[in-house]
Amino acid sequence: MSVTLETMVQLAKKRGFVFPSSEIYGGFSAIYDYGSLGVELASNIKNFWWKTMVQMREDIVGLDSSIFMHPRVWEASGHVSGFSDPLAECKKCHTRSRVDHLLEDIGVSADEKMSEQEIQNLFNDHIAQINCTKCGSSDFSQAHKFNLLVKANLGNFTNDWTKEPAYLRGETCQGIYINFKNVLDSTHIKIPFGIAQIGKAFRNEITARQFIFRTREFEQMEMQYFTRPEDEMVLYEVLREARFQYYIDLGIDPKNLQWHKHDRLVFYAKQAYDIEYNFPFGFKELEGIHARGDYDLSQHMKFSGQDLTYFDEEKKEHYTPHIIESSVGVGRTLLAVLCDAYYEEEVRGETRVVLKLKPMLAPFKIAVLPLSKKLELTSVAREIASLLRPYWMIDYDETQSIGKRYRRQDEIGTPYCVTIDFESLNDKCITIRDRDTMQQDRIHKDELVSYFKEKLSMCH
Ligand code: ATP
550 MSVTLETMVQ LAKKRGFVFP SSEIYGGFSA IYDYGSLGVE LASNIKNFWW
600 KTMVQMREDI VGLDSSIFMH PRVWEASGHV SGFSDPLAEC KKCHTRSRVD
650 HLLEDIGVSA DEKMSEQEIQ NLFNDHIAQI NCTKCGSSDF SQAHKFNLLV
700 KANLGNFTND WTKEPAYLRG ETCQGIYINF KNVLDSTHIK IPFGIAQIGK
750 AFRNEITARQ FIFRTREFEQ MEMQYFTRPE DEMVLYEVLR EARFQYYIDL
800 GIDPKNLQWH KHDRLVFYAK QAYDIEYNFP FGFKELEGIH ARGDYDLSQH
850 MKFSGQDLTY FDEEKKEHYT PHIIESSVGV GRTLLAVLCD AYYEEEVRGE
900 TRVVLKLKPM LAPFKIAVLP LSKKLELTSV AREIASLLRP YWMIDYDETQ
950 SIGKRYRRQD EIGTPYCVTI DFESLNDKCI TIRDRDTMQQ DRIHKDELVS
1000 YFKEKLSMCH
């Protein structure tokens, strides 16, 4: 079902998925913190991505490169000169906006690959229809490109460090490219092969809207796949298919997913598609899948002076590998997963909110709930929780009425609740309630672990 962004923001805060950062200081724009349930959900998403990308494949290996890299990396990659978005400032209230987004809002397609002049012309052509998102004025400054790299003084102890800054990485994949040779030399892997990485990236995003969809600090899950030049496009199609299937396996309804083909490509790119998700604010990019040719390794060869070609032992020839990439944000995935799992249902005249998360994603797999706070019940319930904890994330809750506790667990997506009642003291049986069907099973305590092992097997 469709959910508004406001509802999602409220639920995320109320239940401890996502908090606005630095709230006690009035907040810090486009930065968010993940609460106790948010870290679990994010970690389950990252684990599933890693399992799909690395564990289940013999041709992809992992990497964890540093956030800081030699500043030349960002010159070679083109970020210092060209990693920018078009910006215009409202002359009345001084709100800065991304010009391509202002144009998009009135149905005019524009993107960051356009030249400054092209964007400016398009902006000028439509200025009469464009209003500031904050004050409504249509009196804007000229559009100009704004560089998104975040600068730092790491290792530079002068006062004018901004002239020779280090950068917080704007994307994780540069760490993969510069380690290409290390990975090749330290493993027995052969082309075609991929390197996967999960890590933080930083961008000075101009507009801070849409909750965790666009933040200035975020985590990316990226996989760069190195191919023979002639295999690039065939393997690109294979990757595209696998990536779409990944979101279905994550539990996302396929009707909320769609492809977006980029008509305008950067000069070196062979093909670029996005997988878009139907967010509360419309279909927007969730993941980019790009065929990048030999641009990345060629640039790093040029700037580092090192040979990053690959020697094909069978064909006895050297070539520069071509790269296909899959790149997605953890926060964007988390938002898509939450929106997709959100349901409001009528139960006996009342509305229950339920997150129908796949059990593998649910922060808690099981909640243990004694029917009353009496010690004879809570001591058994705590024993049951300890029995289950080595296997799964367990929530133990003895506060409020059982109805309210069920509602809380539904709202955070816990697939199973087990309740311990006075009868349990005699027959050693426990009631298990299924989140989705709300049906109940009564199981002997000794069978609990095997019952859940079966239910949660492969953790789907
Ligand atoms: P957009 O056009 O939305 O700014 P992009 O095309 O610049 O995104 P990429 O550089 O291709 O994005 O980044 C790959 C992925 O990383 C995106 O698909 C998205 O999931 C994630 N991502 C990029 N920027 C952000 C951000 N500011 N906040 C959260 N996630 C992001």
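Numbering (the numbering used here), first residue to last: 550 to 1009. Even for Gly, the Cβ is constructed at its ideal location relative to N, Cα and C. Remember, it's a predicted structure, so these values are computed and weren't measured experimentally.
query	result
Environment of Val-886 [buried if 16+ CB atoms lie within 10 Å]	buried
Contact set for Leu-671: own chain, Cβ-Cβ below 7 Å, skip 5 residues either direction	Leu-652, Val-657 and Ala-659
The segment 847–858 touching the segment 800–812, judged by at least three CB pairs closer than 8 Å	no
Beta strand (DSSP E) runs wholly inside the segment 836–923, at least 3 long, in chain order	859–861, 866–868, 871–878, 891–896, 899–904 and 915–919
Cys-684, DSSP secondary structure in three states	coil
Arg-813, buried or exposed, once every other Cβ within 10 Å from all chains shown has been counted against 16	exposed
Complete runs of the alpha helix (DSSP H) confined to the segment 727–780 [at least 4 residues]	729–735
Closer than 6 Å: residues whose CB approaches a heavy atom of the ligand ATP	Glu-720, Arg-752, Glu-754, Arg-763, Thr-764, Phe-767, Gln-769, Glu-834, Leu-835, Glu-836, Gly-837, Ser-876, Val-877, Gly-878, Gly-880 and Arg-881
Extent of the continuous alpha helix (DSSP H) to which Val-552 belongs	Here Val-552 belongs to no alpha helix (DSSP H), and DSSP marks it neither H nor E.
Reduced DSSP category for Phe-577 - H, G, I as helix; E, B as strand; rest coil	coil
DSSP state of Phe-695 mapped onto helix, strand, coil	strand
Beta-carbon spacing of Ala-637, Ala-692 below 9 Å	yes
Segment limits, alpha helix (DSSP H) that includes Arg-645	Segment 645–647 is the beta strand (DSSP E) holding Arg-645; no alpha helix (DSSP H) there.
Three or more C-beta pairs below 8 Å linking the segment 753–768 and the segment 550–559	yes
DSSP state of Leu-636 mapped onto helix, strand, coil	strand
Whole-Å CB distance - Ala-916 paired with Gly-962, under 8 Å assumed	So it is not a contact: roughly 11 Å between Cβ atoms.
Residue environment, Gly-743, which counts as buried when at least 16 other CB atoms sit within 10 Å	buried
Which residues DSSP lists as bridging Ala-930, in chain order	None; Ala-930 has no bridge partner.
Segment contact, 8 Å Cβ cut-off, at least three pairs: the segment 863–882 with the segment 767–778	yes
Cutoff 8 Å; reference Pro-714; Cβ partners in own chain excluding five residues on either side	Pro-620, Lys-700, Ala-701, Asn-702 and Asn-705
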